[in-house]
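Residue numbers (my numbering): 2 to 228. Have a look at the structure below before the remarks.
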C-alpha cells in the first residue's frame, strides 16, 4: 500500500480526497500547514500532494525543502493558479506535476498512478546511462557532466533518461507526455513540455540558445544527439 502525504487546509477538499484515495487503496496522512507537513515528513511516504497556499506558508517551500534533502519522492501541486509563473515556480522547485483546481478526481488518480509507477521503475534500475560527457547513475538518480553533479528536478531527470535511452531517435511530444504521465496528453498542458525542455537545456547545454544535444525536430518533437 502506497503512503501519500496530503498537505491541504481546505477541509471539504481534504474529506473528499481522503475518501477517494483510500477507496483506491492508498494510505493517507494529512497536514494542514507547512509546520505539520515538516513534522510528518520525518516519516516515509511514496508521494506528496501539496496545496500551494497554506496558512503559514506555501507548498513551494515544502517541496524545496524535500528536494534539498536529496529525496526524489514524486510531488504533485494542487493549485488554483493556472498562470505560467506559478507553474514554472512549482516545476523549478522540484515538483513533478500540477493539478489546477477544481479538478476531476479521476484525473488526479491517473496522475498519481503514473508517478508512482515511474518511481517504482526507477528504483529497479541499477546501471549507468552515458552519452558523451553526460552520465546518469540510474541507481542513485544522479546526473553528472564530467565530474560535476547536475541538479535536476525529478521530472527533468526522467525526461533526460527518456531522451538518452532513445539517443538519435526523434521522441515526439506525445511520447514524452505518455512516458512521463501515462495520460496521452489528455490531462497535461502541452506547454509544460516546452517548460521542461527549456529548463533542461539551461542545465545541460553549454549554449542553451544553440543546443548541440537536446535539439528540436520541428513538427515532430525532440532528439538527443550523441557526441
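Cβ atoms here follow ideal geometry from the backbone N, Cα and C, with glycine treated the same way.
- Among the bridge pairs identified by DSSP, residue 7 is matched with 31 and 50.
- In the DSSP assignment, residue 198 falls within the unbroken alpha helix (DSSP H) covering 192-205.
- The beta-carbon distance between residue 162 and residue 137, rounded to whole angstroms, is 6 Å. This is short enough to meet the 8 Å contact definition.
- Look at residue 208 here: in three-state DSSP terms it is coil, with no helix or strand label.
- In summary, residue 68 is buried, with 16 or more beta-carbon neighbours lying within 10 Å of its beta-carbon over all protein chains present.
- Per DSSP, the continuous beta strand (DSSP E) segment holding residue 132 begins and ends at 129-132.
- According to DSSP, residue pairing for residue 138 in a beta bridge involves 129 and 143.
- Taken atom to atom, the span from the alpha-carbon of residue 114 to that of residue 19 is near 16 Å.
- In this structure, residue 201 sits near residue 153, with a CB-CB distance shorter than 9 Å.
- In this structure, the alpha-carbon of residue 140 lies about 21 Å from that of residue 3.
- Annotation: residue 155 to residue 206 spans about 18 Å, alpha carbon to alpha carbon.
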